[in-house]
Amino acid sequence: SHSVNGRLQCIGSPQHLKNKFGQGFTIFLRVRQPQSQEATSASASASATVDNTECQLERAHEAFMSAFPDAVLCENHAAVLQYQLKQTVRLRTIFESVQRLKDNGLVLDYSVNQTTLDQVFIRFAKNQSEEAS
Numbered sequence: 008s009h010s011v012n013g014r015l016q017c018i019g020s021p022q023h024l025k026n027k028f029g030q031g032f033t034i035f036l037r038v039r040q041p042q043s044q045e046a047t048s049a050s051a052s053a054s055a056t057v058d059n060t061e062c063q064l065e066r067a068h069e070a071f072m073s074a075f076p077d078a079v080l081c082e083n084h085a086a087v088l089q090y091q092l093k094q095t096v097r098l099r100t101i102f103e104s105v106q107r108l109k110d111n112g113l114v115l116d117y118s119v120n121q122t123t124l125d126q127v128f129i130r131f132a133k134n135q136s137e138e139a140s
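Residue numbers for the sequence shown follow the working numbering, beginning at 8 and rising by one.
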């Protein structure tokens with residue numbers, strides 16, 4: 008159970024609370040960074056590597072979005088893409104699609120996570136502060 012401002016907000020097992028109040032799944036894709044090739048200068052090599060990484064990120068992003076059009080890109084940092092998917096998507100479908108990206112060489116590795124209880128409680132607290140204002 009969890010209360011906000013002394014009022015009971017929810018009751019149930021941790022899994023029930025995640026299913027009822029969670030935001031679905033968070034997927035992290037780590038994109039394969041291209042090997043830097045010999046270049047005439049170190050800065051030219053670094054620039055080419057950045058361009059190639061951006062290209063890899065774009066290809067992985069397009070492939071993921073074609074599999075999950077309702078996905079929300081939450082973060083694109085370094086060679087990692089973070090997405091949020093609604094809970095209505097079957098976990099098996101997520102793993103099959105993301106593993107296909109890995110098998111095709113677009114993704115080096117990945118992680119699929121369910122909403123944590125901390126995230127659920129933070130959402131309750133956020134709603135509490137919005138109601139107070």
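Even for Gly, the Cβ is constructed at its ideal location relative to N, Cα and C.
Inclusion of Gln30 and Gln91 in the CB contact set at 9 Å is warranted, their separation being smaller than that value. By the Cβ criterion, the stretch 63-72 is not in contact with the stretch 115-130, since fewer than three pairs of Cβ atoms, one from each stretch, lie closer than 8 Å. The beta carbons of Val105 and Ile34 sit about 7 Å from each other, so the pair counts as a contact at 8 Å.
Judged by DSSP in its simplified three-state form, Gln135 adopts helix. Annotation for Ala78: Ile34, Phe71, Met72, Tyr90, Gln91 and Leu92 place their beta carbon closer than 8 Å to its own, counting only its chain and skipping 5 residues before and after. Phe32 sits away from Gln126, with the two beta carbons spaced by 9 Å or more.
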